[in-house]
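**Student:** Chains as they are written, first to last, in my numbering: chain A, 8 to 314; chain B, 31 to 325. Glycine included, every Cβ here is placed at the ideal spot set by N, Cα and C. Predicted, not measured: the structure shown is a model, and the values here were computed from it. Pasting a structure below so you can have a look.
Structure (structure tokens):
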């Protein structure tokens with residue numbers, strides 16, 4: 008009797024396996040969450056040390072234009088003004104997105120509306136290859152092709168925001184294109200049929216119906232592209248010139264947040280002000296990345312196509 | 031302007047834009063291969079790098095890149111597989127799952143330099159792993175996990191529901207249905223995802239500069255002892271990868287033939303990544319045909 012009861016009440020081998028497998032999956036997903044929390048915590052705690060330990064004024068940090076963390080200015084405050092880097096970062100990001108968007112939209116419209124399956128078949132590898140080229144190779148080509156051309160045409164050293172923009176334009180192109188294609192393909196077929204049935208031709212349909220419907224998706228794509236441009240480090244670092252000056256024009260050497268980080272972290276001592284100030288730059292990068300994410304989420308919620 | 035003309039102009043402009051993008055790609059690939067391939071020789075691939083004189087090769091960097099890639103995949107694949115299975119099969123449709131998805135999205139959109147700095151802070155300094163292949167592999171894991179998780183989830187989701195129902199109706203448990211039926215069917219997709227992510231990892235440099243380090247000490251390729259500092263298999267030695275090598279040559283090196291080496295190295299990098307891309311497609315298709323009933 009007892010034996011039968013035990014056999015009926017104990018878990019079978021399959022159930023135990025089931026629980027085991029489920030547990031493994033929970034552990035894995037838990038690790039990813041822990042990882043993200045860990046990254047956010049570490050970068051934040053390091054990044055705010057500039058303001059809590061070294062008592063740097065946050066406003067001064069964001070708006071000051073002198074970066075020389077080792078020295079102090081006339082008032083005895085350390086010279087940590089990140090504005091030139093922030094401005095340059097935004098400049099290359101926005102400019103490259105502005106240049107890349109028409110090309111990406113052209114590609115996306117071609118792939119989803121004009122060429123059909125065959126065009127997609129030939130253009131998909133183009134996008135994949137552009138994604139596949141590593142950022143150092145983009146940087147190298149920028150350094151050996153783009154910079155000399157700019158130097159030749161506009162004078163100066165050739166390093167600067169313009170060179171950074173051109174390199175980033177190619178790098179964000181595939182991101183914006185593939186996400187735009189997705190949002191164009193998500194436009195229901197019936198919209199196209201309705202428009203064509205009203206007598207609109209292809210361009211009228213694309214311009215007045217499809218692009219309007221897909222606008223939130225396209226906007227999301229552009230923001231993702233900007234997020235990528237904002238965070239890109241090495242390619243930009245190689246062509247921007249790395250001078251921490253307020254950028255005066257497009258062809259004078261400048262420095263972005265990422266390029267400053269890649270060049271300088273190794274040259275500073277952990278725990279000192281120059282090092283803490285760099286972590287604060289990383290914190291700005293982190294915040295911007297989170298901000299882009301939130302923005303995408305917000306637009307996605309507002310603009311999703313209602314069935 | 032009548033609508034017909036606008037239509038023609040617009041179509042022309044779109045063709046033009048597409049043409050320019052294709053030309054850019056052709057120029058990029060052509061430039062790299064044209065400048066790089068003539069400089070690749072057996073000597074170049076098999077000799078060690080020189081810091082102050084010309085004629086150096088990339089043997090150590092190439093090996094480090096491949097070794098790092100293998101280690102990264104060994105660490106990240108099991109975690110990504112578990113998470114992918116969770117998201118595709120177990121995750122309920124509630125706020126918690128959407129939180130997880132947001133987390134993964136955040137992880138995938140973090141700039142790689144931030145991931146690298148975190149690796150520097152946490153692995154190199156806090157855990158005292160110093161600049162080593164292991165630190166590099168863990169940092170690349172952070173970078174690789176979201177890509178891999180998403181591609182595994184997608185390929186599991188694309189497995190037809192009928193397969194799952196068939197497993198269930200045979201009286202198999204959830205776990206057995208997943209491991210014995212759904213995973214094998216999803217395998218071609220998973221493998222494609224893994225190889226594509228391998229291509230990304232292979233070319234990554236920003237996350238490695240401050241984790242795997244920028245120096246490549248000469249190692250002994252005959253020493254198979256994992257714990258010997260001079261062994262090529264020792265995961266605790268600093269290692270400069272091919273991508274980091276290119277970056278360093280172009281920013282701070284004094285090597286006289288830096289341009290030559292970096293163009294040849296870029297070509298090697300591109301060729302390996304192209305091979306990964308083609309391989310992913312080929313192996314995926316081949317496995318799919320072999321393992322399923324489709325011709």
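If you reduce the DSSP assignment to three classes, tell me which class residue 261(B) lands in.
**Tutor:** Against the second chain, residue 261(B) aligns to sequence position 231. Looking at residue 261(B) - three-state DSSP - the assignment turns out to be strand.
**Student:** Listing by chain order, which chain A residues have their CB less than 9 Å from the CB of residue 159(B)?
**Tutor:** In the second chain, the residue the question calls residue 159(B) occupies position 129. What residue 159(B) touches in chain A: nothing, since even the nearest Cβ is about 15 Å away.
**Student:** Run through the stretch 116–178 of chain B for me and flag every whole alpha helix (DSSP H) of 4 or more residues, listed as ranges in chain order.
**Tutor:** 125–139 and 142–149
**Student:** In whole angstroms, give me the CA-to-CA distance for residue 138(B) and residue 174(B).
**Tutor:** Here residue 138(B) refers to the residue found at position 108 when the second chain is read from its first residue. Here residue 174(B) refers to the residue found at position 144 when the second chain is read from its first residue. Their Cα atoms are separated by approximately 8 Å.
**Student:** Please name the residue in 204(B), 260(B), 64(B) and 167(B) whose C-alpha comes closest to that of residue 331(B).
**Tutor:** The displayed coordinates of chain B run from 31 to 325. Any statement about residue 331(B) would go beyond what the structure contains.
**Student:** Taking Cβ positions only, does residue 216(B) come closer than 9 Å to chain A?
**Tutor:** In the second chain, counting from the first residue as 1, residue 216(B) sits at position 186. Not closer than 9 Å to any Cβ of chain A, the Cβ of residue 216(B) fails to qualify, so no.
**Student:** Any contact between the stretch 143–160 of chain B and the stretch 212–231 of chain B? By contact I mean 3 or more CB pairs, one from each, below 8 Å.
**Tutor:** Cβ pair count under 8 Å is below three, so no.
**Student:** For residue 119(B), is the classification buried or exposed, using 16 other Cβ atoms within 10 angstroms of its Cβ as the cut-off for buried?
**Tutor:** Translated into positions along the second chain, residue 119(B) becomes position 89. Residue 119(B) should be labelled buried.
**Student:** Considering only the beta carbon of each residue, do residue 163(B) and residue 97(B) sit closer than 9 Å?
**Tutor:** Your numbering for residue 163(B) matches position 133 in the second chain. Your numbering for residue 97(B) matches position 67 in the second chain. Contact flag set, yes.
**Student:** Would you report the Cα separation of residue 195(A) and residue 209(A), rounded to the nearest angstrom?
**Tutor:** Here the question's residue 195(A) lines up with position 188 in the first chain. Here the question's residue 209(A) lines up with position 202 in the first chain. Using only the alpha carbons, I get a separation of about 16 Å.
**Student:** Quick test of the definition: if touching needs 3 or more C-beta pairs under 8 Å, does the stretch 228–236 of chain B touch the stretch 306–319 of chain B?
**Tutor:** yes
**Student:** Quick check on DSSP: helix, strand or coil for residue 110(B)?
**Tutor:** Here residue 110(B) corresponds to residue number 80 of the second chain, with the count starting at 1. Helix, per DSSP.
**Student:** Output needed in chain order: residues of the stretch 193–209 of chain A with a Cβ under 9 Å from some Cβ in chain B.
**Tutor:** 207, 208 and 209
**Student:** Assign residue 333(B) to buried or exposed, taking buried as 16 or more other Cβ atoms, counted over all protein chains shown, within 10 Å of its Cβ.
**Tutor:** The question about residue 333(B) has no answer here: the residues shown for chain B are numbered 31 through 325.
**Student:** What are the complete alpha helix (DSSP H) segments, minimum 4 residues, inside the stretch 242–307 of chain B?
**Tutor:** 272–281
**Student:** Buried or exposed: which applies to residue 201(A), given that a residue is buried once 16 or more other Cβ atoms fall within 10 Å of its Cβ?
**Tutor:** Position 194 of the first chain, counting from 1, holds the residue named residue 201(A). Counting the other CB atoms within 10 Å of its CB gives residue 201(A) a total below 16, which places it among the exposed residues.
**Student:** Contact criterion: CB-CB distance below 9 Å. Does residue 236(B) meet it with respect to chain A?
**Tutor:** If you number the second chain from 1, residue 236(B) lands on position 206. True, the Cβ-Cβ gap to chain A drops below 9 Å.
**Student:** For residue 263(A) and residue 243(A), which I take to be in contact (beta-carbon distance under 8 Å), what is that distance rounded to the nearest angstrom?
**Tutor:** In the first chain, residue 263(A) corresponds to position 256, counting from 1. In the first chain, residue 243(A) corresponds to position 236, counting from 1. Rounded to the nearest angstrom, the Cβ distance from residue 263(A) to residue 243(A) is 6 Å, consistent with a contact under 8 Å.
**Student:** Alpha carbons only, please: which of 287(B), 180(B) and 133(B) is nearest the one belonging to residue 300(A)?
**Tutor:** In the first chain, residue 300(A) corresponds to position 293, counting from 1. Taking only the C-alpha atoms, the option nearest residue 300(A) is 133(B).
**Student:** Alpha carbon to alpha carbon, what distance is there between residue 71(A) and residue 62(A)?
**Tutor:** The count along the first chain starts at 1 and reaches residue 62(A) at position 55. The count along the first chain starts at 1 and reaches residue 71(A) at position 64. Near 15 Å, if we compare the C-alpha coordinates of residue 71(A) and residue 62(A).
**Student:** Verify whether the separation of the beta carbon atoms of residue 112(A) and residue 90(A) is less than 9 Å.
**Tutor:** Numbered from its first residue, the first chain carries residue 112(A) at position 105. Numbered from its first residue, the first chain carries residue 90(A) at position 83. Contact: no.
**Student:** Determine the direct distance from the alpha carbon of residue 206(B) to that of residue 325(B), and round the result to whole angstroms.
**Tutor:** Along the second chain, read from residue 1 onward, the residue named residue 325(B) stands at position 295. Along the second chain, read from residue 1 onward, the residue named residue 206(B) stands at position 176. At residue 325(B) the pLDDT is 48, less than 50, meaning the model places this residue with poor confidence and gives no usable figure here.
**Student:** Tell me the residue span of the beta strand (DSSP E) that contains residue 79(A).
**Tutor:** Stepping through the first chain from its first residue, residue 79(A) is reached at position 72. 74–79 is the extent of the beta strand (DSSP E) around residue 79(A).
**Student:** Does the beta carbon of residue 211(B) come closer than 9 Å to any beta carbon on chain A?
**Tutor:** For the purposes of this step, residue 211(B) is identified with residue 181 of the second chain, where counting begins at 1. So, not an interface residue.
**Student:** Between residue 40(B) and chain A, is the shortest Cβ-Cβ distance under 9 Å, so that the two count as touching?
**Tutor:** The count along the second chain starts at 1 and reaches residue 40(B) at position 10. Closer than 9 Å: yes.
**Student:** Does DSSP classify residue 195(A) as helix, strand or coil?
**Tutor:** Here the question's residue 195(A) lines up with position 188 in the first chain. Looking at residue 195(A) - three-state DSSP - the assignment turns out to be coil, as it is neither helix nor strand.
**Student:** Using beta carbons (cut-off 9 Å, strictly below), is residue 146(A) in contact with chain B?
**Tutor:** Along the first chain, one-based indexing puts residue 146(A) at 139. Closer than 9 Å to some Cβ of chain B, the Cβ of residue 146(A) qualifies, so yes.
**Student:** Quick check: is the beta carbon of residue 245(A) nearer than 9 Å to any beta carbon in chain B?
**Tutor:** On the first chain, position 238 is the one that residue 245(A) refers to. Output row for residue 245(A): interface = yes.
**Student:** Could you confirm whether any beta carbon from chain A is found closer than 9 Å to the beta carbon of residue 108(B)?
**Tutor:** In the second chain, counting from the first residue as 1, residue 108(B) sits at position 78. Taking Cβ atoms only, chain A reaches closer than 9 Å to residue 108(B), which makes this a yes.
**Student:** Expressed to the nearest angstrom, what Euclidean distance is found between the alpha-carbon atoms of residue 314(A) and residue 106(A)?
**Tutor:** As a first step, residue 314(A) must be located in the first chain, where it is residue number 307. As a first step, residue 106(A) must be located in the first chain, where it is residue number 99. Low confidence applies here, because residue 314(A) scores a pLDDT of 45, under 50, leaving its location unreliable and the question unanswered by this model.
**Student:** By the criterion of Cβ-Cβ separation under 9 Å, what are the contact partners of residue 234(A) in chain B?
**Tutor:** Against the first chain, residue 234(A) aligns to sequence position 227. Those within 9 Å of residue 234(A) in chain B are 139 and 141.
**Student:** Closest to residue 63(B) by CA distance: which of 204(A), 277(A), 240(A) and 144(A) is it?
**Tutor:** Position 33 of the second chain holds residue 63(B). Closest by alpha carbon: 144(A).
**Student:** Output needed for residue 167(A): all residues of its chain with C-beta closer than 7 Å, excluding positions within five of it in sequence on either side, in chain order.
**Tutor:** If you number the first chain from 1, residue 167(A) lands on position 160. Around residue 167(A): 247, 248, 257, 258, 259, 260 and 261.
**Student:** In angstroms, rounded to a whole number, what distance separates the CA positions of residue 191(A) and residue 275(A)?
**Tutor:** Counting from 1 along the first chain, the entry for residue 191(A) is found at position 184. Counting from 1 along the first chain, the entry for residue 275(A) is found at position 268. Whole-angstrom Cα-Cα distance: 48 Å.
**Student:** Using the C-alpha atoms, what's the distance from residue 112(B) back to residue 31(A)?
**Tutor:** As a working note, residue 31(A) is residue 24 in the first chain. As a working note, residue 112(B) is residue 82 in the second chain. Each residue's alpha carbon lies about 6 Å from the other.
**Student:** Please name the residue in 22(A), 125(A) and 40(A) whose C-alpha comes closest to that of residue 126(B).
**Tutor:** Counted from its first residue, the second chain places residue 126(B) at position 96. The shortest Cα separation from residue 126(B) among 22(A), 125(A) and 40(A) belongs to 40(A).
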